[in-house]
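S.K.: First the structure, then my questions, so here it is.
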Amino acid sequence: MQPNKVSPLTLFHQPLQYLVPIFQRGYVWTIEKQIQLLWADIAERADELAKYLELLEQARPMGSAHLVQKPRKHFLGTVIVTDHVSGRPGEPTTTEVIDGQQRMTTMQLLALAFRDALASVEDEYQQASLDVYTHNAAKYSHNHYHYKIWPTNAGRSEMTDLVECRSARKVCEKYPITTTGSGRSKKRVLRPLLVEAYLYFYGVVSMFLRGKDFDEVIQETPHPLDELLQDLGFEVDGDKTWAMRWVHGIRHDLHPQIPFEDLPIRPERITLLLSTLTDYLQLIELRLDPDDDAQIIFESLNGRGERLTPADLIRNFVFLEATRANARTDTLYTEHWQDFDEAPAEKGAISKSRLFWKVEERQGRLTNTRLDTFLYHYVSMRSMDDVKLDHVFESFKQWWFAEKPDVDVELTRLKKAAKLFESLIVPDRKTRFGRFAHNMRVLDSSTMTPVVLYLGEQLGTESEEFLASLQILESYVVRRAVCGLTAKAYNRVFPGLLKRLAGPEKPTSSAIAQHLMGLAGGPTQNWPDDAEFSKAWLEGPTYRHLRSAKTKMMLEALELAARNKVHHETEVLPTAPLHVEHVLPVAWKEHWPSPGDANAELVRDQLLHNVGNLTLLTEKLNPALSNLGFDVKRPEITKSLLALNAYFQDPRWSEPGAVWTEGEIRKRAEVLWKLAVNVWPHA
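Taking our numbering, the leading residue of the sequence shown gets 571, the next gets one more, and so forth.
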């Protein structure tokens, strides 16, 4: 390893291209966490340099220039690169960035912003002095060889545009602010982080070159309403700086207004900033020798800067293993991993990210990106264990070194499992698997995901045995939920099932059923049999146990089971949202006649939330209509034309004096029980 103290611009001054391996993560630095702090340090060094030069000028006539202390250099950290590789004719000399790509990319963005901020200056020498840091000037066979940094696939189009646009205005037009969703679900989709960082630097550099302080508080006349609120003791937003206003513009405006753009650029400020960047910022460049292990070095540096995620670590590990095996990493990446970095989010996704696998998902009490969540389940499936979320990479490595899989084969399996996981989190409810996936999401049963991935891999997702196995798993979870039993032991139940299924023979639905029926541990783990399930179904407060979303899911499953091919599309629910309705209203005491004495009222309250008193409607009834008597409410219920409500179309309900009683609730619960026991069987 060869250490070398350099400034970032010194690195860029060489006719050299820094390659970020395609399997490293993309750019993740944000304005708030890193960019603002970096610029504050640079501006501080520039101020110190300006004071130093002023004192030096004053000291020279007195012969005391040697007593003036130079400013301190600001240390940016370490960059680790491979040994330089001379290019073929028409190609530049290249080196791969093993660690520090975020720093190097950020400094290149600063150089690009500095270059573009000088566009209004008519001094060609000043403009050319920045080009040498942003452009390899030789003649090359491809245009991108001119770029100083060539990022991962995820950032190449943005870097190309930032280099070629040469104007912040053009960059803003290329990357406008967009929105997704509508109404309360409407969200802004921000510009990519590379673009945000460039625009931030462009704004603060433009202010610096005009002699303006980006941290200066904006002097505005207070709004009368703010003064009134302060007088009343309420807190209002504090003072805003020009930098804060600029950041707001970057994230809200097509063309954010650059502060003080009408003022002229001062030549001495150009020299001051350039001197600061070349002489008072410092990096340690570590150039690896051919026999240094890049993976070990990369892992040892995890934790500095922006934390590396399990996906970052696994991706780097697998592709460096591929490099050791002399595999074509570019082909492997394109075929097996590129979608993880670039696949767009599904239409209508409410997310800050435009990318499918970067969308955050909540499972249990934790929220992570879809990719990290998938890898957590995938590693749990591979290791046949309940992996801790902060030990995903370590568990993956242990499994890898124990099994020694072929890289291409394992990446093929990983990609196939990812497609199945994608269907789990964005289910198509027109299919049997999609309905299972939807139901498990509603029940928050993500702990069974490794089992589902394993079954999909072993049985194929189109096989009847796979679908039969899923029905058993769903039955286990739904029956326990209806019986009001805890889900806390699922992190032991499903890893145990996974180990039971592992072996030379393919898993079967009967093997799954036998394992679940044999679970010890009583109410914490058991699979309720028909007797236990029936008692909870016919007597229990289903709605109170499940609440609205889970009750709705269960009733939707019963709706599909109740259909016949003559009168209904058997596989498809209405496109309009369905609503859970209590036939006997929750506020029955205010609107319905009393059933009699206190004991009768107690029985009614016990059956109020029972499944026999619950149904689905295609349109939610307004509260007044929902509380009306059964003779008025029943016709409204039958308007939905759902199979679940055919029960209320029986001619007997049209007879004079027909009423909805506790006995009728029990009768309907028994009718629905006959459906439920087939939807969620115990065998």
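For each residue, glycine too, the CB sits at the ideal point set by N, CA and C.
1) Check the DSSP bridge columns for His822 and list the partner residues they point to.
2) Would you report the Cα separation of Glu912 and Val929, rounded to the nearest angstrom?
3) For Thr663, which of Pro585, Gln672 and His947 has the nearest alpha-carbon?
4) Under a three-way DSSP split, which group does Gly773 fall into?
5) Going by beta carbon distance, what residues of the same chain come within less than 7 Å of Ala1083, once the five residues before and after it are set aside?
6) Quick check on His1152: does DSSP put it in helix, strand or coil?
7) Determine the burial state of Thr707: buried for a count of at least 16 other Cβ atoms within 10 Å of its Cβ, exposed for fewer.
8) How long is the line joining the alpha carbons of Ser845 and Pro591, rounded to whole angstroms?
9) Leu1143 to Glu1126, Cα distance in whole Å?
10) Identify, in the order they occur along the chain, each residue of the same chain with its Cβ nearer than 6 Å to the Cβ of Arg595, setting aside the five sequence neighbours on each side.
11) In chain order, which alpha helix (DSSP H) runs of at least 4 residues are fully inside the region 997-1058?
12) Assess, as a yes-or-no matter, whether the region 1102-1110 is touched by the region 1214-1231 under the definition of 3 or more beta carbon pairs within less than 8 Å.
13) Does DSSP put Gly1233 in a helix, in a strand, or in coil?
14) Since Val1249 and Ala1131 should fall inside the 8 Å C-beta cutoff, what is the C-beta to C-beta distance between them, to a whole number of angstroms?
15) Would you verify that the beta carbon of Lys640 is, or is not, closer than 8 Å to some beta carbon of chain D?
16) Is the CB-CB distance between Ala1265 and Tyr703 below 8 Å?
17) Taking the beta carbon of Ser1079 as the centre, do at least 16 other beta carbons fall within 10 Å, making it buried, or is it exposed?
18) In terms of alpha-carbon separation, which member of Glu1044, Ala1072 and Lys917 lies closest to Val996?
19) Within a Cβ cutoff of 8 Å, which residues of the same chain sit near Ile1207, ignoring the five residues on either side of it in sequence?
20) So, with DSSP's three-state summary, where would you put Trp720?
21) When the Cβ atoms of the region 1049-1065 are set against those of the region 1111-1123, are three or more pairs found closer than 8 Å?
22) Excluding the 5 residues flanking Lys782 on each side, which residues of the same chain have their C-beta closer than 6 Å to its C-beta?
23) Measuring CA to CA, which of His654, Arg658 and Ala1072 is closest to Pro666?
24) Measuring only the C-alpha atoms, how far is Leu779 from Pro631?
25) Pick helix, strand or coil for Tyr850, following the three-state DSSP scheme.
26) Thr704 by DSSP, collapsed to three states: which one?
27) Taking only runs that begin and end inside the region 869-945, name each unbroken alpha helix (DSSP H) of 4 or more residues, in chain order.
28) When you compare only the Cα positions, how much space is there between Gly1030 and Ala972?
29) Within its chain, find whatever has a CB closer than 6 Å to the CB of Ala1059; leave out the 5 residues flanking it on each side and keep chain order.
30) Identify whether Ile605 lies in helix, strand or coil by the three-state DSSP scheme.
31) From Trp529 to Asp785, what distance separates their C-alpha atoms?
32) Does DSSP classify Leu1242 as helix, strand or coil?
33) Between Gly1026 and Ala987, what straight-line distance do the alpha-carbon atoms span, to the nearest angstrom?
34) Cα-Cα, which of His947, Thr652 and Pro746 is closest to Arg857?
35) Among the candidates Val649, Leu626, Gly633 and Thr648, whose CA atom is the shortest distance from the CA of Lys640?
36) Return the chain-ordered list of same chain residues with a C-beta closer than 8 Å to the C-beta of Lys756, the five sequence neighbours on each side being excluded.
M.R.: According to the structure data:
1) Per DSSP, none; premise fails for His822.
2) 12 Å
3) Pro585
4) helix
5) Ile1042 and Ala1253
6) strand
7) For the sequence presented, residue 707 should be read as Ala rather than Thr. Answer is exposed; the Cβ neighbour count stays below 16.
8) 31 Å
9) 8 Å
10) Asp882
11) 1002-1012, 1019-1029 and 1034-1052
12) no
13) Gly1233 falls in the helix class under three-state DSSP.
14) 5 Å
15) Of the protein chains in the structure, only one exists, and it is not chain D.
16) With the chain covering 571 to 1253 only, the question about residue 1265 has no answer from this structure.
17) buried
18) Lys917
19) Glu1151, Val1153, Thr1185, Leu1187, Asn1215 and Phe1218
20) strand
21) yes
22) Phe830
23) The sequence shown places Glu at residue 666, rather than the Pro named in the question. Checked all of His654, Arg658 and Ala1072; the closest Cα to Glu666 is His654.
24) 29 Å
25) coil
26) helix
27) 880-894, 899-902 and 908-912
28) 26 Å
29) Thr1094 and Gln1095
30) helix
31) Shown here, the chain extends from 571 to 1253; a query on residue 529 therefore has no answer.
32) Helix at Leu1242.
33) 8 Å
34) Thr652
35) Leu626
36) Taken in chain order, the residues that qualify are Thr749 and Thr750.
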